[in-house]
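This report refers to the structure that appears directly beneath it.
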Amino acid sequence: QRATSKLGGQVVVAFNRRHYDKFRTQFLGTLRHWGNREPVTVVGYGLYPSEQSVLAAMPGVSVRNLPENGVMPPIRRLLDFQTVLAEMPGDTPVAYWDAGDVIFQTKLEPLWQLVRANPDKILAVREPSGYPGNAAIVGWTRTIRDPKCRQRAFELMSKNPFLNSGFAAGTARSMLAYFREAHRMRYGDELLGTADWGDQTALNLYCHAQPSRWYEIEQGWNYCLHDRQRGEVAIRPDGKMVSRRGHAIHVAHGNARSQRKLALIHEQLRSTVPRVARAATTS
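This is the structure in structure tokens:
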């Protein structure tokens, strides 16, 4: 168990070897570049011993490596994050983001303030497009085997904001409650058979089944690039992404088919601010 400052929080992240390099340079590099010194717990899947050693040598990073078993990290983290969170004091602010397609653009302290103001809720962000524009809602719910559960899941996700599961924040206590129930639902009748390859249906079902469980925060903390209008995101001369609609972009998320767009943005950022790529190992 690692100490967390009164005004700080902790970051947890899960990934396999596919996103090892992107975690080091893109995720951790931009996180540290903006002065974030929060402890980061990595739950790795099938990482080589040399990769584990590199990560463990980085300031503020601890590694828990598990064997690769073919299950996608967004599904596995529903169970594996429980062990990490159970070791933290219940009121510790915690957040996770996807490892391979995220760029940080600010300090995290305002997020921790939101967590402390809502200690019993999950903080989540909606995607730009919900039903009927987002085909995933139909695609992921229509394969649920149980007819009643299938109908209930569709109704909850089609009538409420469609939340992106590449991020969530809360106290260790509230996050642990979420991961326990989400893992149960992911393998229970509620979602058995879903075509969702990750945990997005679980997050939406958990939150919308009992609205008191969650609190919607601004999209900027998990600014999904997919389904944005062309030209909505611009790059300033200093390499920072901004929204032409005036929304703050604290953390950019290259979800779905926008991963290439995010990679191009990150390359421009690295050329504009060369130290970003080295920040993870020098801070």
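Per the numbering used here, residue 1246 is the first one in the sequence shown, and the count goes up by one each step. C-beta atoms are modelled at their ideal positions from N, C-alpha and C, and glycine is treated no differently.
Q.
If the criterion is Cβ atoms closer than 8 Å, does the pair M1486 and A1497 meet it?
A. Between M1486 and A1497, the gap from beta carbon to beta carbon is short of 8 Å.
Q) Between the stretch 1428–1445 and the stretch 1348–1368, are three or more C-beta pairs nearer than 8 Å? A) no
Q.
So if DSSP puts N1467 in a beta bridge, which residue, or which two residues, is it bridged to?
A. Answer is none; N1467 lacks a bridge partner.
Q. By DSSP, does L1437 sit in helix, in strand, or in coil?
A. coil
Q.
Assuming contact is defined by CB atoms lying nearer than 8 Å, are I1382 and F1407 in contact in what I supplied?
A. yes
Q.
Please classify R1520 as buried or exposed, where buried requires at least 16 neighbouring CB atoms within 10 angstroms.
A. Note on R1520: pLDDT 48, under 50, position unreliable in the model; the coordinate value appears next. Flag for R1520 reads exposed.
Q. Can you name the residues that DSSP bridges to A1340?
A. V1256, A1414
Q) According to the Cβ coordinates, are Q1445 and N1409 closer than 8 Å? A) yes
Q: State the beta-bridge partners of F1349 as determined by DSSP.
A: V1496
Q | Run of the alpha helix (DSSP H) containing G1274, from where it starts to where it stops | A | Run containing G1274: 1274–1278, per the alpha helix (DSSP H) assignment.
**Q.** Assigned secondary structure, S1503 (DSSP; H/G/I helix, E/B strand, else coil)
**A.** Reliability fails at S1503, whose pLDDT of 48 lies under 50, so the model's placement of it is uncertain and no value is given.
Q: Determine, using beta carbons only, whether A1344 and F1272 come nearer to each other than 8 Å.
A: Using a Cβ distance threshold of 8 Å, A1344 and F1272 count as a contacting pair.
(Q) On the DSSP bridge list, what partners appear for G1484? (A) According to DSSP, which records beta bridges pairwise, G1484 is partnered with nothing at all.
**Q.** Backbone CA spacing between G1291 and N1261 [nearest angstrom]
**A.** 6 Å
Q) Expressed to the nearest angstrom, what Euclidean distance is found between the alpha-carbon atoms of R1489 and E1461? A) 22 Å
Q | 8 Å CB neighbourhood of E1296 in its chain, flanking five on each side removed | A | R1262, Y1265, G1289
**Q.** Between the CA atoms of V1478 and P1377 - distance to the nearest angstrom
**A.** 23 Å
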